[in-house]
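Just so you know, we're using this note's numbering here: the sequence shown kicks off at 86 and counts up by one.
These notes are about the structure you will find just below.
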Amino acid sequence: MKKISFTLNGEHRHVYVAPSDMLLEVLRYKMGVKSPKCGCDTGDCGACTVILDGRAVRSCLIFAIEVDGQEVLTLEGISQDGLTPLQKVLVERNAFQCGYCAPGMILSATGLISEIPHPSEHEIKEAIAGNLCRCTGYQPVIDAIKEVTKKH
Ligand code: FES
Ligand code: FES
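Following this line, the structure appears as structure tokens:
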């Protein structure tokens, strides 16, 4: 086991990990962070998405040991001061049903908005293309992202 240290949702944390531990399992089972979900464990569904040093990544594909010294943000971190404007609009539009995909979808969108404050529809679709939803479809999510990023 190796001790790694990183910033998790604004707090400096450390944890002991095996070289084969993936970030997703460490977050969920060693650090009690439950918003990243396991949908496939193969990088295909996006349910495990977190933001690593400003970029949306799939935590089931990242070795925990790789995040030593980096900054990880999960849904818990972006909601610390209440719902974000994007989350509020998603709720207003009933954009999710079961919600399993929601944390990953929201983090992919959050990563997009921090990189491109006013994305085109094409850029929005690209950003969430790796986040699978089997309930509501994608249009309410796309519309919500458009609403919060439109130029006034
Ligand atoms: S659990 Fe990571 S992409 Fe599906
Ligand atoms: S709301 Fe159920 S998978 Fe997206």
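A virtual CB, placed ideally from N, CA and C, is assigned to each residue, including glycine.
Note that the coordinates shown come from a computational prediction; the quantities given were computed from them, not determined experimentally.
*For S144, I'd like the list of residues in its chain whose CB is within less than 6 Å of its CB, leaving aside the five on either flank, ordered along the chain.*
L108, L109, P121, C133 and V135
*C123 to K236, Cα distance in whole Å?*
So the two alpha carbons sit approximately 35 Å from each other.
*asked:* Alpha carbons only, please: which of C183, L217, Y185 and L171 is nearest the one belonging to G196?
replied: Taking G196 as reference, the option from C183, L217, Y185 and L171 with the minimal CA-CA separation is L171.
_Where T195 falls: helix, strand or coil (DSSP)_ = helix
*Out of T234, E96, F91 and S90, which has the shortest C-alpha to C-alpha gap to E161?*
Ranking the options by Cα distance to E161, first place goes to E96.
*Counting Cβ pairs, one atom from each stretch, are 3 or more of them under 8 Å apart for the segment 212-220 and the segment 181-190?*
The segment 212-220 makes contact with the segment 181-190: 3 or more CB pairs, one atom from each, lie closer than 8 Å.
_Looking only at its chain, what residues have a beta carbon closer than 7 Å to the beta carbon of I163, apart from the 5 residues adjacent to it on each side?_
Here the set comprises T169 and T195.
*For ligand 1, which residues count as neighbours when the test is a C-beta closer than 6 Å to any heavy atom?*
C123, G124, C125, D126, G128, D129, C130, G131, A132, C133, R143 and C145
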